[in-house]
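Following: one structure in structure tokens, then a few remarks.
2 protein chains.
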Amino acid sequence: MRDFLPEEVLRRKYVVGIVEQVYRSYGFEPLETPAMERLETLLGKYGEEGDQLIFRVMKRGEKLGRLLQDSPGEDDLADSGLRYDLTVPLARVAAEYQAELPRIFKRYQIQPVYRADRPAKGRFREFFQCDLDIVGSTGLTVELEVLAAASEVLRKLGFTPVDFSLRLNHRTILRSLMSACGTPAGMEESVLVAVDKLDKIGGEGVRKELLERGLDSESVARLLEVFGGKTSDNGEVLTGLRERLRDHPEGIAALDDLEWILEQSGNSPAAGCLRIDPSLARGLSYYTGAIFEVEMKGFGVSAGGGGRYDNLIGMFSGREIPACGFSLGLERIILLMLERGMFPADLAGKPQVLVTLFSDESTPASLALVHQLRRAGFRADLYPEPGKYARQFKYAEQRGIRHVILQGPDEIAKGVFTLKDLESGEQREYPLDADPGEISF
Amino acid sequence: MRDFLPEEVLRRKYVVGIVEQVYRSYGFEPLETPAMERLETLLGKYGEEGDQLIFRVMKRGEKLGRLLQDSPGEDDLADSGLRYDLTVPLARVAAEYQAELPRIFKRYQIQPVYRADRPAKGRFREFFQCDLDIVGSTGLTVELEVLAAASEVLRKLGFTPVDFSLRLNHRTILRSLMSACGTPAGMEESVLVAVDKLDKIGGEGVRKELLERGLDSESVARLLEVFGGKTSDNGEVLTGLRERLRDHPEGIAALDDLEWILEQSGNSPAAGCLRIDPSLARGLSYYTGAIFEVEMKGFGVSAGGGGRYDNLIGMFSGREIPACGFSLGLERIILLMLERGMFPADLAGKPQVLVTLFSDESTPASLALVHQLRRAGFRADLYPEPGKYARQFKYAEQRGIRHVILQGPDEIAKGVFTLKDLESGEQREYPLDADPGEISF
């Protein structure tokens, strides 16, 4: 877990500000859920490994006291856990508030999530996700909207289609392809896990893994031919897939969907960003339709992803409610923007001027002045105690405040204050009643 | 714990936006700390009752497994806890990052805190605090700045000095008054606890409690005379206190401080908001100097408070670092503003228009239109599937979107779209290339 010192908070706020502005322009509304969820809400949604990564919060008081006398197990002692992602809380909310929410619920959510993982570069135990989801419709425009909003966020942050692409696939295509390659039904999950590693361990690694898992060598060869394709031309990829799936009508239907998404995205910010990639698998098991993932060129890992999950909410509501969404990983985006110098030099929020204090006697005049500046709309800091100017200037420099105001007995007698530019060393006097528009910070 | 549905998030964001803008205009910088702190950081800072209210997060994996075989106690099983307030995390940060932070550190922090309390009206297990603190100076301008910023936030939210006041006292005055009234040194804490309840249980209740705690009746009578004073005129209160404390030089020095704060606040947004109140005690034991609390008239409970705590950071840093701050309770402010109808009717962020979908055939045209509107800077929602207009209008109404766009085959043939005002029923056609400035939402 990390502390975010001021500069880091300002950077995050800058990114979140852009994300929110885009998400809202698409008609999404904000939702926030508590850091803690009941343990049973969380368990069983993220696979076995995920269950182990949930931070558990202990029961309290007498209840705990009684338990402790009774050689309890791990899950007896906890009644809640910290949220692991923002999708499961959304699913719970969509089920719980069905009567209050519109039938189609477009929400965004930007909150930290918690995983008891081993920390690594750009990976923390507390990290922020920026999710947007549309609940309640199976219309393909949902996928379009989600992909367009994701692309627009990345563009507005300063990335271009040269820097990123959205890899696009469909769970039904994956299943049909596996079937076309002769994967036995019981081995689909294993094959998906292996294929998902293609980027990391390469074709040879995947071949080895599949053989070890007991797949026959002919199926392995076919799978690698399908999933290891090198072309990134969407037209070629689609043509190739149509050929392979010609005997799999559900696969062809899913291909039609992807092709429609691709076509219709031409008028949206996703134009030029989508890349059909049959090897994209996405780890989470709850996806049911289109899946996508942000690839940042030269970054190795994904900066976000999502897809359609039409069954998850049903686990809470008792009836199926379709949904599709996207999650952006804030930390990785910020890391990348830092490396590439994509933040504006002057992040909003720093004070514009420091009012110094000369002596106890002059303090009341300087207090009046600092409030006058604030009323005029300036962000004005006040040094809290009179003392050597050198020390006060050093404080200003340390905080990145370029201008300081000096107001000693001479200035007070003359009814003026002195504005000093610490960078150039220039000084200029202003009358106390100077028009704020004429004071140049 | 609560879910915050969109309307509630927007209300919170509205308040937080104003709080941040004011805090920044005073030169404060944002800090954020993790939801979890080491248990030893938290324990022993909030009194015995506080320790019980800390949510404990369990150890994990093998470490936990070994412990469970060994009849563990409550504190063996947890290694961290959820943050209980924002002051202790600040103290830890101020100590931990001494080398990086300016000697004088002005930070604000707006994050949720967690207490395993029984929930009540306006009190939750997860709630937001808006803190601002100045670390590193004993100058009285620090108290002034903190009080001015707190007052300005309340004013900018729409409260006037008729609605709220900042009760002001000083720990040294409290101690001197108790001594002047004959309170034995060992009973000071008990007396403070009882006096703090004056508002709730009245003079008679406090008398009873003090007698039960073993204080002699003469001291009790004197204490009630001092603390039960009815005047709220600062001049009279100060005169009365000077009289009582004439043999207590530290008390007089503290009175001088409060009087200076009162005088100098005249030029600040705190003017007319401060009320010297010798009965204000503030529960937390870490305060060392001036203390203050926001009283919202007719609300019963406090909406925030703070004070000077010159010893707390020393518990983490090994050397004393002075500090003074203020914490605003967001939930109570929002509750009050709701009751009084103080939120603007149109909280920023709602979509301005809904683009409806007529049919599969017309969908591509509507997709192009919605992106055109967004590019022009509008917040435009898109209904995700073609269908009956009635259903799409109902969705718009449910979300508070007043304008919808209709685009059927006739409109497409004519190269126009129809804008319908759902409130007035009026409809108007616009050409597809209409100047955005002329479209009236």
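These protein sequence lines are chains A and B, in that order.
Residue numbers for the first sequence, in the working numbering: 657 to 1097.
Residue numbers for the second sequence, in the working numbering: 657 to 1097.
By construction, the Cβ of each residue, glycine as well, lies at the ideal position given by its N, Cα and C atoms.
Inset, instruction - Using three-state DSSP, classify B/I1061 as helix, strand or coil. - result: If you number the second sequence from 1, residue 1061 of chain B lands on position 405. B/I1061 falls in the strand class under three-state DSSP.
Inset, instruction - Find the nearest neighbour of B/D789 within the set B/Y965, B/V862, B/G814 and B/K886, judged by alpha-carbon distance. - result: Locating residue 789 of chain B in the second sequence gives position 133, counting from the first residue. Per the Cα distances, B/Y965.
Inset, instruction - Pick helix, strand or coil for A/E1094, following the three-state DSSP scheme. - result: Within the first sequence, numbered from 1, the residue matching residue 1094 of chain A stands at position 438. The answer is helix: DSSP assigns A/E1094 an H, G or I state.
Legend entry - Among B/A691, B/L994, B/P758 and B/R658, nearest to B/I977 - alpha-carbon criterion: Here residue 977 of chain B refers to the residue found at position 321 when the second sequence is read from its first residue. Taking only the C-alpha atoms, the option nearest B/I977 is B/P758.
Inset, instruction - Quick one: residues in its chain with C-beta nearer than 7 Å to the C-beta of A/Q754, no 5 flanking neighbours on either side, listed in chain order? - result: For the purposes of this step, residue 754 of chain A is taken as the residue at position 98 of the first sequence. Within the same chain, A/Q754 has close Cβ partners S973.
Inset, instruction - Take B/A1024 and list the residues in its own chain whose beta-carbon comes closer than 8 Å to its own, dropping the five residues that flank it on each side. - result: On the second sequence, residue 1024 of chain B is found 368 positions in, with the first residue counted as 1. Nothing listed; no residue qualifies.
Inset, instruction - Determine which residues share a DSSP beta bridge with B/K1076 and list them. - result: As a working mapping, residue 1076 of chain B is identified with position 420 in the second sequence. B/K1076 is bridged to B/V1060 and B/Q1083.
Inset, instruction - Evaluate contact between the segment 940 to 958 of chain B and the segment 975 to 993 of chain B, counting only Cβ atoms and requiring at least three cross-stretch pairs below 8 Å. - result: yes
Inset, instruction - Mind listing the chain A neighbours of B/L848? Cutoff is C-beta to C-beta under 9 Å, in chain order. - result: For this step, residue 848 of chain B is matched to residue 192 along the second sequence. Chain A residues near B/L848: none, gap ~27 Å exceeds 9 Å.
Inset, instruction - With 7 Å as the limit, tell me which residues of the segment 1046 to 1078 of chain B have their beta carbon closer than that to any beta carbon of chain A; keep them in chain order. - result: Y1051, Q1054 and R1055
Inset, instruction - Using only alpha-carbon positions, find the residue among B/F1049, B/V672, B/E1017 and B/M843 that is nearest to B/I1068. - result: Here the question's residue 1068 of chain B lines up with position 412 in the second sequence. Answer by Cα proximity: B/E1017.
Inset, instruction - Report the neighbours of B/F815 on chain A: residues whose CB is nearer than 8 Å to its CB, in chain order. - result: As a working note, residue 815 of chain B is residue 159 in the second sequence. The contacting residues do not exist; B/F815 stays about 18 Å from chain A at best.
Legend entry - Opposing strand residues paired with A/Y764 [DSSP bridges]: In the first sequence, residue 764 of chain A corresponds to position 108, counting from 1. According to DSSP, A/Y764 bridges with A/P686 and A/L788.
Legend entry - Reduced DSSP secondary structure (H/G/I, E/B, other) of B/R667: Against the second sequence, residue 667 of chain B aligns to sequence position 11. Residue state, collapsed to three classes: helix.
Inset, instruction - On the DSSP bridge assignment, give the partners of B/F660 in chain order. - result: The residue given as residue 660 of chain B occupies position 4 in the second sequence. A/E688, per the DSSP bridge assignment.
Inset, instruction - Report all residues from its chain with a CB closer than 6 Å to the CB of A/R878; omit the five preceding and five following residues, and keep chain order. - result: Locating residue 878 of chain A in the first sequence gives position 222, where the first residue counts as 1. Once the five neighbours on either side are set aside, the close Cβ partners of A/R878 are C837.
Inset, instruction - Kindly identify the DSSP beta-bridge partner or partners of A/N825. - result: Within the first sequence, residue 825 of chain A is the residue found at index 169, counting from 1. BP columns for A/N825 point to A/I947.
Legend entry - Proximal residues to A/A927 (C-beta, below 7 Å), its chain only, five neighbours per side dropped: Your numbering for residue 927 of chain A matches position 271 in the first sequence. The residues are S921.
Inset, instruction - Give the residues from the segment 787 to 798 of chain B that approach chain A closer than 7 Å (Cβ to any Cβ), ordered along the chain. - result: I790, S793, G795, T797 and V798
Legend entry - Length at least 3, wholly inside the segment 1003 to 1027 of chain A: the beta strand (DSSP E) runs in chain order: 1009 to 1011
Legend entry - Rounded C-alpha distance that separates A/P817 from A/S681: The residue labelled residue 817 of chain A in the question sits at position 161 within the first sequence. The residue labelled residue 681 of chain A in the question sits at position 25 within the first sequence. The alpha-carbon atoms of A/P817 and A/S681 are separated by roughly 21 Å.
Inset, instruction - Determine, using beta carbons only, whether A/G1093 comes closer than 8 Å to chain B. - result: Position 437 of the first sequence, counting from 1, holds the residue named residue 1093 of chain A. By this cut-off, A/G1093 is not an interface position.
Legend entry - Presumed contact (8 Å Cβ cut-off) between B/R811 and B/P925, rounded CB distance: Locating residue 811 of chain B in the second sequence gives position 155, counting from the first residue. Locating residue 925 of chain B in the second sequence gives position 269, counting from the first residue. Yes, B/R811 and B/P925 are in contact; Cβ-Cβ is about 6 Å, under 8 Å.
Inset, instruction - Given a cut-off of 8 Å, decide if B/L854 and B/G814 are closer than it, judged by their beta-carbon atoms. - result: By one-based count along the second sequence, residue 814 of chain B stands at place 158. By one-based count along the second sequence, residue 854 of chain B stands at place 198. Not in contact: B/G814 and B/L854 (Cβ atoms no closer than 8 Å).
Legend entry - Selection from A/G1043, A/N923, A/E951 and A/R781 that minimises the alpha carbon distance to A/G1064: Residue numbering aside, residue 1064 of chain A sits at position 408 when the first sequence is read from its first letter. Of A/G1043, A/N923, A/E951 and A/R781, the residue nearest in Cα terms is A/G1043.
Legend entry - Cutoff 8 Å: B/G683 Cβ touching any chain A Cβ: Counted from its first residue, the second sequence places residue 683 of chain B at position 27. Yes - at least one Cβ of chain A is within 8 Å of the one on B/G683.
Legend entry - Continuous alpha helix (DSSP H) stretch holding B/I908: start and end: Taking the first residue of the second sequence as 1, we reach residue 908 of chain B at position 252. P905 to Q920 is the span of the alpha helix (DSSP H), which, as asked, contains B/I908.
Inset, instruction - Measure from the alpha carbon of A/S935 to the alpha carbon of each residue in A/F1073, A/Q765, A/G795 and A/V849, then state which is nearest. - result: Numbered from its first residue, the first sequence carries residue 935 of chain A at position 279. Checked all of A/F1073, A/Q765, A/G795 and A/V849; the closest Cα to A/S935 is A/V849.
Inset, instruction - Would you grab the beta carbon distance between B/S1077 and B/R1058 for me? Rounded to a whole angstrom, and I think it's under 8 Å. - result: Translated into positions along the second sequence, residue 1077 of chain B becomes position 421. Translated into positions along the second sequence, residue 1058 of chain B becomes position 402. It should be noted that the sequence gives Asp, not Ser, for residue 1077 of chain B. 6 Å between Cβ atoms; contact.
Legend entry - Residues near B/Q677 in its chain [Cβ-Cβ closer than 8 Å; skip 5 each side]: The residue given as residue 677 of chain B occupies position 21 in the second sequence. Only K812 meet the Cβ criterion.
Legend entry - 8 Å contact criterion, which B/M998 and A/R712 should meet: CB distance rounded: By one-based count along the second sequence, residue 998 of chain B stands at place 342. By one-based count along the first sequence, residue 712 of chain A stands at place 56. So it is not a contact: roughly 40 Å between Cβ atoms.
Legend entry - Cβ neighbour criterion (16 or more within 10 Å) applied to A/E752: Counting from 1 along the first sequence, the entry for residue 752 of chain A is found at position 96. It counts as exposed.
Inset, instruction - Ignore the nearest five residues each way along the sequence and tell me which others in B/L1013's own chain have a CB closer than 7 Å to its CB. - result: By one-based count along the second sequence, residue 1013 of chain B stands at place 357. The answer, listed in chain order, is T1019, S1022, Y1039, E1041 and P1042.
Legend entry - Spatial distance of A/R1031 from A/L914 (CA atoms): Within the first sequence, numbered from 1, the residue matching residue 1031 of chain A stands at position 375. Within the first sequence, numbered from 1, the residue matching residue 914 of chain A stands at position 258. Each residue's alpha carbon lies about 56 Å from the other.
Inset, instruction - Would you tell me roughly how many angstroms separate the C-alpha atoms of B/L986 and B/R763, rounded to the nearest one? - result: Locating residue 986 of chain B in the second sequence gives position 330, counting from the first residue. Locating residue 763 of chain B in the second sequence gives position 107, counting from the first residue. Between B/L986 and B/R763, the C-alpha separation is close to 18 Å.
Inset, instruction - For B/I1061, count neighbouring C-beta atoms within 10 Å of its own C-beta (all shown protein chains included) and say buried if the count is 16 or more, exposed if not. - result: Here residue 1061 of chain B refers to the residue found at position 405 of the second sequence. Result: buried.
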